[in-house]
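> Please read through the structure below; I'll follow up with questions.
Numbering (my numbering), first residue to last: 5 to 43.
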């Protein structure tokens, strides 16, 4: 048997958990990123 690989998505979720980001923080970041290219 081979060990299960940690998926990149799991690593991202773990990092977000470490940073203690809320859903509102993520929503704000997405809004900012979408508007950044319009200037």
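Every residue, glycine too, gets a C-beta built ideally from N, C-alpha and C.
Which value, in whole angstroms, describes the spacing of the CA atoms of residue 30 and residue 7?
Locating residue 30 in the chain shown gives position 26, counting from the first residue. Locating residue 7 in the chain shown gives position 3, counting from the first residue. Near 32 Å, if we compare the C-alpha coordinates of residue 7 and residue 30.
> Which class does residue 69 belong to by DSSP, given the choice of helix, strand or coil?
In the structure displayed, the chain extends from 5 to 43; residue 69 sits before or after that span and is not available.
> Run through DSSP, which three-state label would residue 28 get?
On the chain shown, residue 28 is found 24 positions in, with the first residue counted as 1. Note: residue 28 maps to helix in three-state DSSP.
> What separation, rounded to the nearest whole angstrom, lies between the Cα atoms of residue 3 and residue 5?
Lying outside 5 to 43, the shown extent of the chain, residue 3 is not represented and no answer is given.
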